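Trainee:
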């Protein structure tokens, strides 16, 4: 079964601080995604990647950067965290470039920005 | 961009009842529609999918119907159990958009 692991699982940050959320997948999937989940908004796509060295903007990229240094790792970076970025963040991976296959999700990272 | 709408936003039923969750999308380019289940505090897990060249797919107690003309999907869950209590998400393939989810509560 696809394995996607996120760290940290819980994080409390201060406004203006830098936060890095990390995601690792062990199934050699090309595609990786970062979503945030807020009550009433479902999952919203922040950034995604089609492979090492590539990152693409999703629907709500403002205030976030992404990094894909290798096939296995995909990070989400908040350079200057704000309280509005308090949320649960999910990483996912998938193996089909044309987005025609299921995604495998991590367990989520709960971020609180004070 | 693509929009995915899901109704209802919540459902409360007695164990054994059947439920219907509706989903509509806007982008004709979407060809693949996976559904996911999220139990409280857990990750999303894939439960069923359908491709745009199909009208119906069934697995165990789940039946997924697809109408390409109206851009509409329906997930039917029969003989519900308390373990089915979760948030159910519809998604569409073009850039993997998600609906807002349907919170299902099955009372024993």
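Residue numbers (my numbering), protein chains in the order written: chain V, 6 to 119; chain U, 605 to 712.
In this text, a Cβ means the ideal position worked out from N, Cα and C, and glycines have one as well.
Nothing here was measured: the structure is a model prediction, and the numbers come from that model.
Shortest alpha-carbon distance to residue 629 of chain U belongs to which of U/648, U/687 and U/673?
Mentor: Nearest C-alpha to residue 629 of chain U: U/673.
Trainee: What is the residue span of the beta strand (DSSP E) that residue 660 of chain U lies within?
Mentor: First-last of the beta strand (DSSP E) with residue 660 of chain U: 660-663.
Trainee: In terms of alpha-carbon separation, which member of V/97, V/113, V/37 and V/87 lies closest to residue 57 of chain V?
Mentor: For residue 57 of chain V, the nearest C-alpha among the options comes from V/37.
Trainee: Could you give the DSSP three-state label for residue 686 of chain U: helix, strand or coil?
Mentor: DSSP places residue 686 of chain U in helix when its eight states are reduced to three.
Trainee: Is the shortest distance between the beta-carbon of residue 79 of chain V and the beta-carbons of chain U less than 8 Å?
Mentor: Not an interface residue.
Trainee: Considering only their Cβ atoms, is the gap separating residue 705 of chain U from residue 99 of chain V smaller than 8 Å?
Mentor: Not in contact: residue 99 of chain V and residue 705 of chain U (Cβ atoms no closer than 8 Å).
Trainee: Determine contact between the region 16-32 of chain V and the region 77-92 of chain V, defined as no fewer than three beta-carbon pairs at a distance below 8 Å.
Mentor: Yes, since at least three Cβ pairs between the region 16-32 of chain V and the region 77-92 of chain V fall closer than 8 Å, the two stretches touch.
Trainee: Closer than 7 Å, Cβ to any Cβ of chain U: which residues of the region 24-52 of chain V, in chain order?
Mentor: Here the close residues are 38, 45, 46, 47, 48 and 50.
Trainee: Would you check if there are 3 or more beta carbon pairs closer than 8 Å linking the region 656-671 of chain U to the region 609-620 of chain U?
Mentor: No, because fewer than three Cβ pairs between the region 656-671 of chain U and the region 609-620 of chain U fall closer than 8 Å, the two stretches do not touch.
Trainee: At least one CB of chain V closer than 8 Å to the CB of residue 644 of chain U: is that the case?
Mentor: No, no contact with chain V.
Trainee: Excluding the five sequence neighbours on either side, which residues of its own chain have a C-beta within less than 8 Å of the C-beta of residue 695 of chain U, listed in chain order?
Mentor: If we look at residue 695 of chain U and ignore the five residues flanking it on each side, its Cβ neighbours are 608, 637, 638, 639, 640, 701, 702 and 703.
Trainee: Using a beta-carbon distance below 8 Å, is residue 105 of chain V in contact with chain U?
Mentor: Output row for residue 105 of chain V: interface = yes.
Trainee: So, does the CB of residue 112 of chain V fall closer than 8 Å to a CB anywhere in chain U?
Mentor: By this cut-off, residue 112 of chain V is an interface position.
Trainee: Give the DSSP bridge partners of residue 106 of chain V, in chain order.
Mentor: Answer is none; residue 106 of chain V lacks a bridge partner.
Trainee: With a cut-off of 8 Å on the beta carbons, I'd call residue 95 of chain V and residue 708 of chain U a contact; round off their distance for me.
Mentor: That belief does not hold up - the Cβ atoms of residue 95 of chain V and residue 708 of chain U are roughly 20 Å apart, past 8 Å.
Trainee: Would you kindly work out how many angstroms separate the C-alpha atoms of residue 683 of chain U and residue 22 of chain V, rounded to a whole number?
Mentor: If I take the Cα positions, the gap works out to 49 Å.
Trainee: Starting from residue 668 of chain U, follow the beta strand (DSSP E) in both directions and report where the run begins and ends.
Mentor: Element bounds for residue 668 of chain U: 666-671.
Trainee: Chain U partners of residue 120 of chain V, CB-CB under 9 Å?
Mentor: Examination of residue 120 of chain V is not possible in this model, given that chain V is present from 6 through 119 alone.
Trainee: Along chain U, in chain order, which residues have C-beta atoms closer than 9 Å to that of residue 108 of chain V?
Mentor: Here the neighbours are 638, 640, 648, 650, 695 and 700.
Trainee: Quick one, are the C-beta atoms of residue 622 of chain U and residue 681 of chain U less than 8 Å apart?
Mentor: Yes, Cβ-Cβ distance for residue 622 of chain U and residue 681 of chain U is below 8 Å.
Trainee: In chain V, which residues lie less than 8 Å from residue 653 of chain U when you measure between Cβ atoms?
Mentor: Those are 107, listed as they occur along chain V.
Trainee: Run the CB neighbour count on residue 55 of chain V, radius 10 Å, all protein chains shown included, and call it buried at 16 or more, exposed below.
Mentor: Classification for residue 55 of chain V: exposed.
Trainee: When DSSP labels each residue in this structure, what does residue 638 of chain U get in the three-state scheme?
Mentor: It is a strand residue.
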